[in-house]
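The numbering used here puts the last residue of the sequence shown at 270; the count rises by one with no breaks.
Note that the Cβ used here is the ideal one computed from N, Cα and C, for glycine as well.
Please read all numbers here as calculations on a predicted model, not as lab measurements.
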Amino acid sequence: MMNNPDFSSMTDEQVALWYNDNVIFPDKVRINRYYLHHYSFWTDIKMIFATVLGKRITYGGEEI
Numbered sequence: 207m208m209n210n211p212d213f214s215s216m217t218d219e220q221v222a223l224w225y226n227d228n229v230i231f232p233d234k235v236r237i238n239r240y241y242l243h244h245y246s247f248w249t250d251i252k253m254i255f256a257t258v259l260g261k262r263i264t265y266g267g268e269e270i
């Protein structure tokens, strides 16, 4: 991830694009790669129930 630019000189759209490209997208790729290599039917079921019930579970060493 690159250093934070001077956000005060950027428009809201530029800040949003920078954040998406440097924070959100790399995080999504990391999570998707982990899922690809560690997927499990039972974990998927646990995630569905956690989502419906508004609970958190630990997945990949992170609380989600």
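Relative to the C-alpha of residue i, which candidate in the options has its C-alpha closest?
i      : options                           : result
Ile254 : Gln220, His244, His243 and Ile270 : Ile270
Ser246 : Lys234, Pro232 and Gly266         : Gly266
Glu268 : Ala256, His243, Ile237 and Asp250 : Ile237
Asp227 : Val258, Thr249, Leu259 and Asn209 : Asn209
So what does DSSP say about residue i, is it helix, strand or coil?
i      : result
Lys245 : Checking the displayed sequence, the identity of residue 245 turns out to be Tyr instead of Lys. The answer is coil: DSSP assigns Tyr245 none of H, G, I, E or B.
Thr264 : strand
Between which residues of its own chain and residue i is the CB-CB distance below 8 Å, once the five residues before and five after are set aside?
i      : result
Pro211 : Trp224
Arg262 : Ala256, Glu269 and Ile270
For residue i, write down the residues that DSSP places opposite it in a beta bridge.
i      : result
Glu269 : Thr264
To which residues of the same chain is residue i closer than 6 Å at the C-beta, ignoring the five residues directly before and after it?
i      : result
Phe231 : none
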